[in-house]
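Enquirer: Position one of the sequence shown corresponds to residue 1196 (my numbering), numbered consecutively onward.
We put the CB at the ideal spot given by N, CA and C, even for glycine.
Note that the structure is a prediction, hence the values are computed from the model and not measured.
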Amino acid sequence: MRIWYPFLQLLIGISGGVLPGLIKTTKGQLFNKLKELSNTPGNIDNLKSLIKTFNHPVPKAKDLNPSDLHPKLGTIDYTYQSIERPRNLGEITKEAYSPQSRMKVTVPRSIDSNFAKYMQRYLEKLSFCPLGEKWIDLGDYLWPRYFKFTHCIQKNCSYPEGLVCQEKTSSNPVKIALLYWTCMSKICGTWAKIYVSVINECQCSGCLS
């Protein structure tokens, strides 16, 4: 049995609700790994590395018709996905500084007003945690092929030092659907839906463990 066959079952399990307990031990380990990736924000590079271990035939041009794939995938989130190659593929960009992404800082009134304003601006800017973005090529097995990977740029965000920028935990994480090209034996032609979570906001919080 080829190595990609368990992976097909795992993908079907995620999108179709098959219980991990129905899968044999080895397959269950792969299922848990993929499930962990699908629920961990910022996991797209790990998913890409996992997919590199599978070597079944890639989809042909006729299998990549957007008109056929849109109904299978559903809505494309163009904030994070692109069918066409982005101009800035591979370049890391930072989210611009904005009042909405800063911590509110209060300076004692006893301090000189001009100095207080300076310190307030300085501390608010220091506490800003930028979100790094980079378009990456997911390769032949995933559609849409291009995905915007996001991560929190680690930096000190407090004075004195002690707090760092980390992902902001959300009770409603953003999950993006992708299609994965699968094969059974020598027959290819099935697109299975998987999900990846993305980081969409960073915050100044406790030290990294």
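#1: On a Cα-Cα basis, can you pick out the residue from 1336, 1317 and 1319 that is closest to residue 1248?
#2: Would you grab the beta carbon distance between residue 1395 and residue 1345 for me? Rounded to a whole angstrom, and I think it's under 8 Å.
#3: Since residue 1262 is in the alpha helix (DSSP H), which residue starts that stretch and which ends it?
#4: On the CB-based measure, 16 or more other CB atoms within 10 Å of its CB, does residue 1322 come out buried or exposed?
#5: Work out the CA separation of residue 1372 and residue 1391 for me, nearest whole Å.
#6: Would a C-beta distance cut-off of 9 Å place residue 1342 and residue 1398 closer than the cut-off?
#7: Might you give, ordered along the chain, the residues of its own chain that have their beta carbon closer than 6 Å to the beta carbon of residue 1253, omitting 5 neighbours on each side?
#8: If you draw a straight line from the alpha carbon of residue 1272 to that of residue 1251, how long is it in whole angstroms?
#9: Buried or exposed for residue 1375, please, with buried defined as at least 16 other CB atoms from any protein chain shown within 10 angstroms of its CB.
#10: According to DSSP, is residue 1310 part of a helix, a strand, or is it coil?
#11: Taking the beta strand (DSSP E) that residue 1328 falls in, what are its first and last residues?
#12: Can you tell me whether residue 1284 is helix, strand or coil according to DSSP?
#13: Once you ignore the five residues that flank residue 1286 on each side, which residues in its own chain have a CB closer than 7 Å to its CB?
#14: Could you check what DSSP says for residue 1351 in three-state terms: helix, strand or coil?
#15: So which of 1348, 1318, 1389 and 1388 has the shortest CA-CA distance to residue 1360?
Expert: Let me spell this out:
#1: Mapped onto the sequence shown, residue 1248 falls at position 53. Residue 1336 is the option with its Cα nearest to residue 1248.
#2: What you label residue 1395 is simply residue 200 of the sequence shown in a count that begins at 1. What you label residue 1345 is simply residue 150 of the sequence shown in a count that begins at 1. About 7 Å separates the CB atoms of residue 1395 and residue 1345; that is less than 8 Å, so the two are in contact.
#3: As a position in the sequence shown, residue 1262 is number 67, starting the count at 1. Membership of residue 1262 in the alpha helix (DSSP H) is indicated by the continuous run 1261 to 1268.
#4: By one-based count along the sequence shown, residue 1322 stands at place 127. That one is buried.
#5: Counted from its first residue, the sequence shown places residue 1391 at position 196. Counted from its first residue, the sequence shown places residue 1372 at position 177. Spanning the two alpha carbons is a distance of roughly 7 Å.
#6: Within the sequence shown, numbered from 1, the residue matching residue 1342 stands at position 147. Within the sequence shown, numbered from 1, the residue matching residue 1398 stands at position 203. In this structure, residue 1342 lies away from residue 1398, with their beta-carbon atoms at least 9 Å apart.
#7: Position 58 of the sequence shown, counting from 1, holds the residue named residue 1253. Correct list, in chain order: 1335.
#8: To locate residue 1272, count along the sequence shown from 1; it is residue 77. To locate residue 1251, count along the sequence shown from 1; it is residue 56. The alpha-carbon atoms of residue 1272 and residue 1251 are separated by roughly 28 Å.
#9: Numbered from 1 along the sequence shown, position 180 holds the residue referred to as residue 1375. Buried, because 16 or more other Cβ atoms sit within 10 Å of the Cβ of residue 1375.
#10: Position 115 of the sequence shown, counted from the start, is the residue given in the question as residue 1310. Helix, per DSSP.
#11: Position 133 of the sequence shown, counted from the first residue, corresponds to residue 1328. In the DSSP assignment, residue 1328 falls within the beta strand (DSSP E) that extends over 1326 to 1332.
#12: On the sequence shown, residue 1284 is found 89 positions in, with the first residue counted as 1. Residue 1284 carries a strand assignment under DSSP once its states are collapsed to helix, strand and coil.
#13: Reading the sequence shown from its first residue, position 91 is the one you call residue 1286. When the five nearest sequence neighbours on each side are left out, the beta carbons in the same chain lying within less than 7 Å of the beta carbon of residue 1286 are those of 1329, in order along the chain.
#14: The sequence position of residue 1351 within the sequence shown is 156, counting from 1. The answer is strand: DSSP assigns residue 1351 an E or B state.
#15: Along the sequence shown, read from residue 1 onward, the residue named residue 1360 stands at position 165. Ranking 1348, 1318, 1389 and 1388 by Cα distance to residue 1360 puts 1348 first.
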